[in-house]
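Engineer: Going by full-length UniProt numbering, the first residue of the sequence shown is number 1, and it counts up by one from there. Glycine is no exception: its CB is placed at the ideal position from the N, C-alpha and C atoms. These numbers were taken from a predicted model, which means no experiment stands behind them. Next up is a structure, given as structure tokens.
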Amino acid sequence: MIDGSFFNANYVFKVREHVLEMSEVVVETLPTNFLKYLVAPILYYKTKQRLDAEGTGHHSLEEVMTIMRADLVAVDQILGDKEYIVGNVPSLADCTLFGHLAAGYYLPYDYPLKHMLDEEFPRLKRHMLRMASSFYKDHAIGAKSSGDSATM
1 MIDGSFFNAN YVFKVREHVL EMSEVVVETL PTNFLKYLVA PILYYKTKQR LDAEGTGHHS
61 LEEVMTIMRA DLVAVDQILG DKEYIVGNVP SLADCTLFGH LAAGYYLPYD YPLKHMLDEE
121 FPRLKRHMLR MASSFYKDHA IGAKSSGDSA TM
């Protein structure tokens with residue numbers, strides 16, 4: 001589910017609907033910022049092609065949002081009030097969930113997943129922050145998350 005329908009629904013908002021912002025992220029380490037205008041059309045075309053082939057690209061934005069929300073509801077119910085999805089230590093499922101949530105949440109632009117985690121899914125956000133502070137202490141997201149998780 002997370003590697004399938006959630007990934008594709010999130011990809012619509014993360015990339016296709018914010019192609020210029022994502023292009024800026026892709027080229028941010030390069031010396032000239034104008035490259036984002038060259039990368040954006042290619043990124044949009046490739047993203048659209050992939051999403052159309054997979055099927056998610058044929059849904060309206062409202063339908064894609066419903067798919068994404070339904071997947072988050074399911075994972076939130078599985079997680080419940082536990083620290084990790086299965087057992088007392090992080091599993092592959094926890095790492096997969098963290099990867100998909102963090103890959104969008106920490107982008108430098110605004111899009112629906114951030115609002116959903118902040119407003120509708122505090123347990124999933126806490127899980128993401130816990131994983132970040134546990135495994136990425138030396139990285140900016142881990143340092144930021146350790147302070148955030150204390151307030152959650």
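Less than 7 Å separating the beta-carbons of residue 43 and residue 23?
Structural biologist: Contact: yes.
Engineer: Along the chain, which unbroken stretches of the beta strand (DSSP E) at least 3 residues long are found entirely within the UniProt domain "GST C-terminal" (12-152)?
Structural biologist: Whole beta strand (DSSP E) segments, 3+ residues: zero.
Engineer: Distance, Cα to Cα, residue 21 vs residue 47?
Structural biologist: C-alpha separation (whole angstroms): 14 Å.
Engineer: Output yes or no for whether 7 Å exceeds the beta carbon distance between residue 109 and residue 18.
Structural biologist: A contact, by the Cβ cut-off of 7 Å.
Engineer: On the CB-based measure, 16 or more other CB atoms within 10 Å of its CB, does residue 150 come out buried or exposed?
Structural biologist: Here residue 150 scores only 41 on pLDDT, less than 50, and its place in the model is too uncertain to base an answer on.
Engineer: Give me the Cβ distance between residue 76 and residue 129, rounded to the nearest whole Å; I'm assuming they're in contact under 8 Å.
Structural biologist: Not really, about 15 Å apart at Cβ, beyond 8 Å.
Engineer: Using a 10 Å radius around the Cβ and a threshold of 16 neighbouring Cβ atoms, would you call residue 121 buried or exposed?
Structural biologist: By the 10 Å Cβ count, residue 121 comes out buried.
Engineer: With 16 other CB atoms within 10 Å as the buried threshold, where does residue 37 fall?
Structural biologist: Its Cβ having fewer than 16 others within 10 Å, residue 37 is exposed.
Engineer: Please confirm whether residue 9 and residue 68 have their CB atoms less than 7 Å apart.
Structural biologist: Yes; because the gap between Cβ atoms is below 7 Å, this pair is in contact.
Engineer: Just the Cα atoms here: how many angstroms apart are residue 91 and residue 100?
Structural biologist: Computed Cα separation, rounded: 15 Å.
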